[in-house]
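Colleague: Quick one: structure below, then a few questions.
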Amino acid sequence: MSTNAATETLGRDPNCCRCSLWKSTIHICIWGRGSLRAKILELGEAPGVAEEETGKPFTGKAGQLLNRLNEIVGIEKHIYITNPVKCRPPGNRKPSPKELTACLPYLKKEIELIRPKVIVLLGRVAMKSLGLGGDVNAQTKPFWLEPWPDCWVVPTWHPAYCLRAGRESAKELALVLQRAKKLVNRQSEWR
Ligand code: SF4
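Quick note: the sequence shown uses this note's numbering, first residue 1189, plus one each step.
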């Protein structure tokens, strides 16, 4: 089954109106992309201009950087990339807590579908979407989070931050992805 077929079957709603973001976007409810057998789920923020045009997450500059880093680390075939908020907020503003809550059932469905071994939280919005606060840096240690007892959670920077902060931060993000890969390998082989 293709990613799109599976996600449509499992509850993506192109007519969703659970929050008001549907009113200002072209593509409503943009789900993730990648392998349905992914061991690593990378969670970002919300669609931007490029994502709204293509209807796919992480297709803009930040997404291209993340793709490159995934390739360098060698996990590009083992990931599923998605956002906690599935419609583009106007002007690329941060999603509100209300919007994160409204969209959370979709993210939970994706996690149930993929059953990743590691969830990489890319930035503070990703953290907030799972009820976590605090700062993010490249040294934050992995932890477990209910209700996914068999899945490591690894917070780190969003690739958009690395585009602003420069090469060293991108290198550190690559190291975090490398750590995520090692965590998967500790639990099981790549399928
Ligand atoms: S952001 Fe999520 S909850 Fe809000 S309209 Fe889009 S798909 Fe529905």
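Beta carbons are placed, not taken as given, at the ideal position from N, Cα and C, and that holds for glycine.
(1) Provide the residue span of the beta strand (DSSP E) that contains Leu1333, from first to last.
(2) Closest to Asn1258 by CA distance: which of Val1308, Asn1203, Trp1336, Leu1288 is it?
(3) What residue from Pro1293, Glu1233, Gly1279 has the CA that sits closest to Asp1213's CA?
(4) In whole angstroms, what is the alpha-carbon distance linking Lys1359 and Gly1251?
(5) So, does the segment 1292–1302 touch the segment 1213–1231, judging by three or more C-beta pairs under 8 Å?
(6) Can at least three beta-carbon pairs, one atom from the segment 1356–1370 and one from the segment 1243–1250, be found at a separation below 8 Å?
(7) Do you know offhand how far Ala1314's Cα is from Arg1374's?
(8) So if DSSP puts Gly1222 in a beta bridge, which residue, or which two residues, is it bridged to?
(9) Would the beta-carbon of Ala1290 be found less than 7 Å away from any heavy atom of ligand 1?
(10) Straight-line CA distance for Gly1236 to Asp1323?
(11) Consider the C-beta atom of Lys1144 and the heavy atoms of ligand 1; say whether any pair is separated by less than 7 Å.
(12) Are there 16 or more other CB atoms within 10 angstroms of the CB of Arg1312, so buried, or fewer, so exposed?
(13) CB of Lys1359 to nearest heavy atom of ligand 3: below 7 Å?
(14) Which whole-angstrom value describes the C-beta separation of Pro1347 and Leu1310, a residue pair presumed to lie in contact below a C-beta threshold of 8 Å?
Modeller: In terms of the structure at hand:
(1) Looking up residue 1333 in the sequence shown gives position 145. Residues 1331–1333.
(2) In the sequence shown, residue 1258 corresponds to position 70, counting from 1. Among Val1308, Asn1203, Trp1336, Leu1288, the Cα nearest to that of Asn1258 belongs to Val1308.
(3) Position 25 of the sequence shown, counted from the start, is the residue given in the question as residue 1213. In the sequence on display, residue 1213 carries Thr and not Asp. When each option's Cα is compared against that of Thr1213, the closest is Gly1279.
(4) Along the sequence shown, read from residue 1 onward, the residue named residue 1359 stands at position 171. Along the sequence shown, read from residue 1 onward, the residue named residue 1251 stands at position 63. Cα to Cα, Lys1359 sits roughly 15 Å from Gly1251.
(5) Pairwise C-beta distances place the segment 1292–1302 in contact with the segment 1213–1231, as three or more of them are shorter than 8 Å.
(6) no
(7) Position 126 of the sequence shown, counted from the first residue, corresponds to residue 1314. Position 186 of the sequence shown, counted from the first residue, corresponds to residue 1374. Using only the alpha carbons, I get a separation of about 24 Å.
(8) Sequence index remark: in the sequence shown, residue 1222 carries index 34 (1-based). Paired residue(s): Tyr1268.
(9) Reading the sequence shown from its first residue, position 102 is the one you call residue 1290. Flag set: Cβ of Ala1290 near ligand 1.
(10) Here residue 1236 refers to the residue found at position 48 when the sequence shown is read from its first residue. Here residue 1323 refers to the residue found at position 135 when the sequence shown is read from its first residue. Going by the C-alpha atoms only, they are around 23 Å apart.
(11) Since the first residue of the chain shown is 1189 and the last is 1379, residue 1144 is not available in this structure.
(12) Locating residue 1312 in the sequence shown gives position 124, where the first residue counts as 1. Answer is buried; the Cβ neighbour count reaches 16.
(13) Summarising the ligand content, the structure contains ligand 1 and does not contain ligand 3.
(14) Walking along the sequence shown from the start, residue 1347 turns up at place 159. Walking along the sequence shown from the start, residue 1310 turns up at place 122. At roughly 7 Å, the Cβ-Cβ gap stays under 8 Å, so Pro1347 and Leu1310 are in contact.
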